[in-house]
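Read the structure below first, then the notes.
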Amino acid sequence: MKKILVYLSNEKQPSLFDLIVAYDSDVDVVLPFGNITLEDITSMVHGCIFTRRPKKLVNTAILFGGNDSDLADDMMKKAKKTFFGDFKVSVMADPDGNTTTSAATVAKIKDVLGDMKGMKAVVLAGTGAVGERVSVLLHREGASVILTSRKLEKAEAVCKKIEEKYGRDITPLQVSTDEECMKALEGAQIAIGTGKAGIQLMKKDIWTKNPTIRVLADVNAYPPAGIEGVEVADDAKEVDGKVLFGAVAIGDLKTKGMRDVIRKMYEEKGQYMDLERIYDITWESLEVKKERYEKGDTIM
1004 MKKILVYLSN
1014 EKQPSLFDLI
1024 VAYDSDVDVV
1034 LPFGNITLED
1044 ITSMVHGCIF
1054 TRRPKKLVNT
1064 AILFGGNDSD
1074 LADDMMKKAK
1084 KTFFGDFKVS
1094 VMADPDGNTT
1104 TSAATVAKIK
1114 DVLGDMKGMK
1124 AVVLAGTGAV
1134 GERVSVLLHR
1144 EGASVILTSR
1154 KLEKAEAVCK
1164 KIEEKYGRDI
1174 TPLQVSTDEE
1184 CMKALEGAQI
1194 AIGTGKAGIQ
1204 LMKKDIWTKN
1214 PTIRVLADVN
1224 AYPPAGIEGV
1234 EVADDAKEVD
1244 GKVLFGAVAI
1254 GDLKTKGMRD
1264 VIRKMYEEKG
1274 QYMDLERIYD
1284 ITWESLEVKK
1294 ERYEKGDTIM
């Protein structure tokens, strides 16, 4: 029986990136649907769970994409509520790749630092979906997390949302000047840039002179870099005693992790691939990737 992935997106055109990754994940058929609303979910789910016998539903899965992270999460929650008894399929939410990108970013950092308990992490320009999710995962790993924005009210709003949605206590902070950036990074071991493309968040002089920072990661692939001095291809590159990760290096693991999550959905029906589950699988993907490199095998 063919493995079918139903791809649901609020956007007019479903993401070609996601569709291609799905086929690279050994899915036989991808069925993309655009302009999907929350009200459409029940009928779409019914179409998935009533067309195959319960034992065969392991071969059907749903991926919620689009460009609205909260909406995709709500769609997945509604899908789960629609399931009953043996009538269920595996589901995953990764709108705009935000969840897999966040998971890959924190997995890379964990690979360098190991136990992050008691460490201080600063997520610069963290009010977007990636910043939000990175903060949640860092907190899960035991770090004390500061989420910054140029406007304190925006940072406060996102931190409140994180507490309500994930039960994680994140500290909001305004960072709009070099001086405020330096102050925020005092005593920090981790700094991550999660801002929009084309906006520099931190000058190189700030982090090179900081005595405590051990790892920097920048998810922005477009120049100028969010964190000056971090190149997109940097993959655990050491500069001035710091370890750097750029967007392309993070993106490689993001794509690998996404493929592995999709494959895993077909191992057992009814799996719920939320942020923390995707992070766990991405971490496993990184460990497997390292083992294969050591053996001289290719990763793709």
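Residue numbers (our numbering): 1004 to 1303.
By construction, the Cβ of each residue, glycine as well, lies at the ideal position given by its N, Cα and C atoms.
With 16 other Cβ atoms within 10 Å as the buried cut-off, status of residue i
i	result
W1286	buried
V1094	buried
D1263	buried
V1115	exposed
R1295	Below a pLDDT of 50, predicted positions are generally treated as unreliable, and R1295, at 49, falls in that range; the measurement from the model is reported next regardless. R1295 is exposed by the Cβ-count criterion.
T1151	buried
T1301	Interpretation of T1301 is limited by its pLDDT of 40, a score under 50 that renders its predicted location unreliable; the figure taken from the coordinates is listed afterwards. Answer is exposed; the Cβ neighbour count stays below 16.
F1067	buried
A1228	buried
P1214	exposed
M1303	With a pLDDT of 33 at M1303, under the threshold of 50, the modelled position of that residue is not reliable, and no figure is offered here.
K1199	exposed
Best match in the options for proximity to residue i [C-alpha to C-alpha]
i	options	result
N1070	R1262, L1176, K1058, Q1016	Q1016
K1323	G1254, D1255, L1219, S1138	Beyond the ends of the chain as shown, which are 1004 and 1303, falls residue 1323; an answer cannot be given.
V1133	G1273, G1121, K1006, A1107	A1107
D1243	G1145, M1078, K1259, R1217	R1217
V1125	D1237, L1204, N1038	L1204
L1008	R1153, I1195, M1047, K1111	M1047
K1083	T1045, E1182, V1161	T1045
K1212	D1277, Y1026, G1196, G1232	G1232
Supposed contact pair residue j and residue i - C-beta distance, whole angstroms, cut 8 Å
i	j	result
L1141	V1178	Between V1178 and L1141 the Cβ distance is about 17 Å, and since that is not below 8 Å, they are no contact.
N1101	S1072	5 Å
I1052	F1090	4 Å
Boundaries (first-last residue) of the alpha helix (DSSP H) holding residue i
i	result
G1196	G1196 -> not in any alpha helix (DSSP H); beta strand (DSSP E) instead, spanning 1193 to 1196.
T1103	1101 to 1116
V1222	Element bounds for V1222: n/a, residue is neither H nor E.
F1090	Element bounds for F1090: n/a, residue is neither H nor E.
T1045	1044 to 1052
A1064	A1064 -> not in any alpha helix (DSSP H); beta strand (DSSP E) instead, spanning 1063 to 1067.
A1128	Neither: A1128 is in no alpha helix (DSSP H) and is coded neither H nor E.
V1024	1019 to 1026
Extent of the continuous beta strand (DSSP E) run through residue i
i	result
V1139	V1139 -> not in any beta strand (DSSP E); alpha helix (DSSP H) instead, spanning 1132 to 1143.
M1095	1093 to 1096
S1152	1147 to 1152
T1174	1174 to 1177
Y1010	1007 to 1011
Would you mind listing the beta strand (DSSP E) stretches within the segment 1199 to 1253 that are 3+ residues and don't spill past its ends, in chain order? Segments of the beta strand (DSSP E) lying fully in the segment 1199 to 1253: 1218 to 1221, 1238 to 1242, 1245 to 1248.
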